[in-house]
Amino acid sequence: LHEVSLFDHFTGALCSCCQRIPSIGKFTLKIISENIACGPNELTIRKSSRDDRPGFTNNGLRDPDGFSHIGDDGVLRSFNGDGEVISYERLDKEQLTNLASWYPEPEHRDHLHDVWKDANSSTVSMEQIWNPPKELLPVVLKQPQLHRRAGVTNKREAPNVLKRSDGENINCLIISCYSDGECITYGCRNCRHYDEFISGYCLP
Numbered sequence: 065l066h067e068v069s070l071f072d073h074f075t076g077a078l079c080s081c082c083q084r085i086p087s088i089g090k091f092t093l094k095i096i097s098e099n100i101a102c103g104p105n106e107l108t109i110r111k112s113s114r115d116d117r118p119g120f121t122n123n124g125l126r127d128p129d130g131f132s133h134i135g136d137d138g139v140l141r142s143f144n145g146d147g148e149v150i151s152y153e154r155l156d157k158e159q160l161t162n163l164a165s166w167y168p169e170p171e172h173r174d175h176l177h178d179v180w181k182d183a184n185s186s187t188v189s190m191e192q193i194w195n196p197p198k199e200l201l202p203v204v205l206k207q208p209q210l211h212r213r214a215g216v217t218n219k220r221e222a223p224n225v226l227k228r229s230d231g232e233n234i235n236c237l238i239i240s241c242y243s244d245g246e247c248i249t250y251g252c253r254n255c256r257h258y259d260e261f262i263s264g265y266c267l268p
């Protein structure tokens, strides 16, 4: 496997092909204008706008059995259902501060501020990004029985849907989750885990 990490210098944001791509001959690289597409022998990068939610990687890489996680090193990683990193974004100080302040459980916000106050994702090696050590893994990967149990015990009725003027389901922020598929069931976007908290929260 080749590890491909590409940076969009126009936006200062990581482009959407930060992922593991199988090697099939040589890739042809060409720049276009919007989003990204990867063909079998061609890697096409298109300039994309960054989502305005702090820390969100607009890359479309999703596995219903997977989830995203923000580690203590300040890196936002997306995992597939097998626990493999499939995309990432290095978060800066401002993003981490905003995410800690936004965390749905106010009593844990100070903890996140403390965990991330010295994080510098710019110094994290590519090896650590794609193969984070156990201490940086989310609890759901260190205790896989939690994920398996979620499929049985986490069945519940969808909450009453409250829509903002832009159509987003604001109740997503109160739904705890283990995987993206659970959030999708409720009309939410994906499941994000933080630090070593047992479960994550859905994003609207």
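Using our numbering, read the sequence shown as starting at 65 and increasing by one per residue. C-beta atoms are modelled at their ideal positions from N, C-alpha and C, and glycine is treated no differently.
| request: Leaving out five residues on either side along the sequence, give the residues of the same chain with a beta carbon under 8 Å from the beta carbon of Lys198. | output: Residues of the same chain with a CB within less than 8 Å of the CB of Lys198, apart from the 5 flanking positions on each side, are Lys206 in chain order.
| Roughly how many angstroms lie between the CA atoms of Asn144 and Ile150, to the nearest whole one? | Straight-line Cα distance between these residues: approximately 7 Å.
| Cβ neighbour criterion (16 or more within 10 Å) applied to Ser132 | By the neighbour-count rule (16 or more Cβ atoms within 10 Å), Ser132 is buried.
| query | What residue range is occupied by the uninterrupted alpha helix (DSSP H) comprising Cys247? | reply | Run containing Cys247: Asp244 to Thr249, per the alpha helix (DSSP H) assignment.
| said: Counting C-beta neighbours from all protein chains within 10 Å, is the total for Asn254 16 or more, i.e. buried, or is it exposed? | reply: Buried, because 16 or more other Cβ atoms sit within 10 Å of the Cβ of Asn254.
| Pairwise C-alpha distance: Glu158 and Gly147 | About 28 Å.
| query | Could you give the residue range of the alpha helix (DSSP H) that holds His177? | reply | Run containing His177: Arg173 to Trp180, per the alpha helix (DSSP H) assignment.
| Cys241 beta carbon less than 9 Å from that of Gly251 | No, the Cβ-Cβ distance between Gly251 and Cys241 is not below 9 Å.
| Helix, strand or coil at Phe71 [DSSP, three-state] | Residue confidence for Phe71 is low, a pLDDT of 33 falling below 50, so the modelled location carries little weight; the figure read from the coordinates is stated next. Of the three classes helix, strand and coil, the one that applies to Phe71 here is strand, per DSSP.
| Using CA coordinates, which residue listed in Asn184, Ile239 and Val203 is at the minimum distance from Arg154? | It is Asn184 whose Cα lies nearest to the Cα of Arg154.
| Per DSSP, what kind of secondary structure is Arg140 in: helix, strand or coil? | According to the sequence provided, residue 140 is Leu. The question's Arg does not apply to it. The answer is strand: DSSP assigns Leu140 an E or B state.
| Taking the DSSP output, what are the residues bridged to Val149? | Val149 pairs with Phe143.
| query | Do the CB positions of Pro170 and Ile238 come within less than 9 Å of each other? | reply | No, these two residues do not count as a Cβ contact at 9 Å.
| Would you call Ile262 buried or exposed, if buried means 16 or more other Cβ atoms sit within 10 Å of its Cβ? | Of the other Cβ atoms in all chains shown, fewer than 16 fall within 10 Å of the Cβ of Ile262; this residue is therefore exposed.
| Leaving out the 5 sequence neighbours to the left and right, which residues in its chain are closer than 6 Å to Glu260 when beta-carbon positions are compared? | Within the same chain, Cβ atoms closer than 6 Å to the Cβ of Glu260 are found at Val203, the five residues on either side in sequence being excluded.
| field | Collapsed DSSP secondary structure at Ser189 in the structure displayed | value | Coil.
| For Ile238, the three-state DSSP class (helix, strand or coil) | Helix.
| Bounding residues of the alpha helix (DSSP H) (the contiguous stretch that carries Ser165) | Start and end: Lys157 to Trp166.
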